[in-house]
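Asker: Everything in the sequence shown is counted per the numbering used here, starting at 8 for the first residue and increasing by one.
For glycine and all other residues, C-beta sits at the position ideal for the given N, C-alpha and C.
In this text, all values refer to a predicted model and were calculated from it rather than measured experimentally.
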Amino acid sequence: MVLLFCALIVTTSTPIPGTLDTTHSCGYCGEKAGVVLYSTDDITGKLYTINQCDRCNAYFLAPRPTPEQLGEAYQKEYYGKGEDKFKESWIENLLDKFRERRAKLITDHLDDTGKVLDIGCGNGTFLSLVNQHSKAEMHGIELPGGSAERAAKVEGINLKIGALEADDYEPNTFDAITLFHVFEHLDKPKETLDIITSILKPEGFLVMSFPNIDSWQSRLFKGKWFHMDAPRHLFFFTPKDFIDLMNEFGYDVIQEKHFNLEYNPYGTQQSILNALQKKREILYEVLKGNHHYADDYSKFNLFLQKFFFLSTGPLFILLDAIESLFKKGGTVEFVLKKRS
Ligand SMILES: [Zn+2]
8 MVLLFCALIV TTSTPIPGTL DTTHSCGYCG EKAGVVLYST DDITGKLYTI NQCDRCNAYF
68 LAPRPTPEQL GEAYQKEYYG KGEDKFKESW IENLLDKFRE RRAKLITDHL DDTGKVLDIG
128 CGNGTFLSLV NQHSKAEMHG IELPGGSAER AAKVEGINLK IGALEADDYE PNTFDAITLF
188 HVFEHLDKPK ETLDIITSIL KPEGFLVMSF PNIDSWQSRL FKGKWFHMDA PRHLFFFTPK
248 DFIDLMNEFG YDVIQEKHFN LEYNPYGTQQ SILNALQKKR EILYEVLKGN HHYADDYSKF
308 NLFLQKFFFL STGPLFILLD AIESLFKKGG TVEFVLKKRS
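Here is the structure:
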C-alpha cells in the first residue's frame, strides 16, 4: 500500500513551469539547477520537461535519458529502413540537392591538400559529395549501427566507428570540421568542443548546424515543436548564447544562416500537425516508412496530413524566408573560424 502510494506520488508529480528544479543536471555543463519551462514528450509517450540551466543558459531535456532509452530511440526507425532515410525517392533526391549545397560550403573553403572531418557523418553521403568536388582527405566519425556500416562501404572515407576521443587525431590536423545536426545529440559536448578545438588547425573552419530554440516555431509550439525531438536532443543554445560560447572557445563567426529549406518549413508543418493530433510526428514517421506507428490513424487522416504537407509547402517556404530575416528560422547554421 505504501509502495503504491509512493508510486502514485512519483507518477503524478510533474514539475511546475517557472519553478527551480535541482534534481536534474544540464545536458551541456552538468549543473544541477534549472528553471522548468514546459513539458514535452517522445513518440513513445514518455514525458520530459525542458529546463533552462542557471549556469550556462542552455535549454536541456530533463530527466536525462538513460543509455537504454537512447539505444531504443536510435533504432533503425530513426534512420529509416533500407539504404535511405525516406521511403519516397523524390524526398531523397531533394535531400541530395541540400547535401550538395553543404558540400560546396566546405569545398569553397578548402584546397586539394586539405583534410576534412565530418563528426556524425551518417551514411557518408555528405563526405562522398565533398569528394566529388575536391581532392581533400576525408575523415568521418559515426556511432556503431546501420549508418556506420553503410559509410564503411563508401570509397575514400577514413571512418572511425565510435565517439570522438582525445587521442584519435594529432593536434592541428584538420582544415575543416563539420557537425550537421550533431551538437545537440552529444553525450559530452564540452569535452567534444575541446577536442575539436585542439585537432582543428588555426584559421581552420568549423561548420555547425542545430535547431534554433529561439526560433518562432520553437517559441510558438514549445514541447510540440518538431525539432525538440526527445529523447535524442539533449540540450539547445540560442544563437546568441552559442556565439558567446564559441567566442570563449576561440572562434569568430564568419557566417550565420537561418534560411533552410531542408529543415525549417517542415519543422513548422509537423509542429502544427503535432499540436492538432494526440500522437506526435505521425506524418514524419510514415514518410520514413514506420507505418505501424500510424496504425491507429485512418487512411483518410493520413491522406489529409500528406495533402497539408504538399499543398502548404510554398507558404511555409515563404514564412521561412521571413523568419530568417529576423534570425528566427527553425534551425541555424554557423561557419566559424578558429583564431590563429
Ligand atoms: Zn548548463
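In its own chain, which residues sit with a C-beta less than 6 Å from the C-beta of V43, not counting the 5 before and 5 after it?
Answerer: Same-chain partners within the cutoff: P22, P24, T26, D28, T56 and N58.
Asker: If we require 3 or more residues per run, which beta strand (DSSP E) segments fall completely within the region 119–183?
Answerer: Counting whole runs of 3 or more residues, the region 119–183 contains the beta strand (DSSP E) stretches 122–126, 144–149 and 164–168.
Asker: Okay, do the region 195–215 and the region 322–335 touch, 3+ Cβ pairs below 8 Å being the bar?
Answerer: The region 195–215 vs the region 322–335: no contact.
Asker: Using a threshold of 7 Å, is the CB atom of A328 nearer than that to any non-hydrogen atom of ligand 1?
Answerer: The answer is no for A328.
Asker: Would you report the Cα separation of D303 and K285, rounded to the nearest angstrom?
Answerer: Looking at the two C-alpha atoms, the distance is approximately 11 Å.
Asker: For the region 23–54, which segments carrying the beta strand (DSSP E) assignment without a break, of at least 3 residues, lie completely within its bounds, in sequence order?
Answerer: 41–48, all fully within the region 23–54.
Asker: How far does the alpha helix (DSSP H) with V293 in it reach, from first residue to last?
Answerer: First-last of the alpha helix (DSSP H) with V293: I289 to L294.
Asker: Could you check if E172 is buried or exposed, using at least 16 other CB atoms within 10 Å of its CB as the buried criterion?
Answerer: With fewer than 16 other Cβ atoms within 10 Å, it is exposed.
Asker: Can you tell me whether DSSP reads S347 as helix, strand or coil?
Answerer: Looking at S347 - three-state DSSP - the assignment turns out to be coil, as it is neither helix nor strand.
Asker: Using the rule of at least 16 other Cβ atoms within 10 Å of the residue's Cβ for burial, across every protein chain shown, is W97 buried or exposed?
Answerer: Its Cβ having fewer than 16 others within 10 Å, W97 is exposed.
Asker: How is the alpha helix (DSSP H) around K104 delimited, first residue to last?
Answerer: Where K104 is concerned, the enclosing alpha helix (DSSP H) stretches over S96 to T114.
Asker: Following the continuous alpha helix (DSSP H) through Q348, name the residue where it begins and the one where it ends.
Answerer: In the structure as shown, the chain begins at 8 and stops at 347. Residue 348 is therefore absent and cannot be evaluated.
Asker: Given a threshold of 16 other Cβ atoms within 10 Å of its Cβ, counted over all protein chains shown, does K345 qualify as buried or as exposed?
Answerer: It counts as buried.
Asker: Pull up the distance between the alpha-carbon of H188 and that of E38, whole angstroms please.
Answerer: So the two alpha carbons sit approximately 24 Å from each other.
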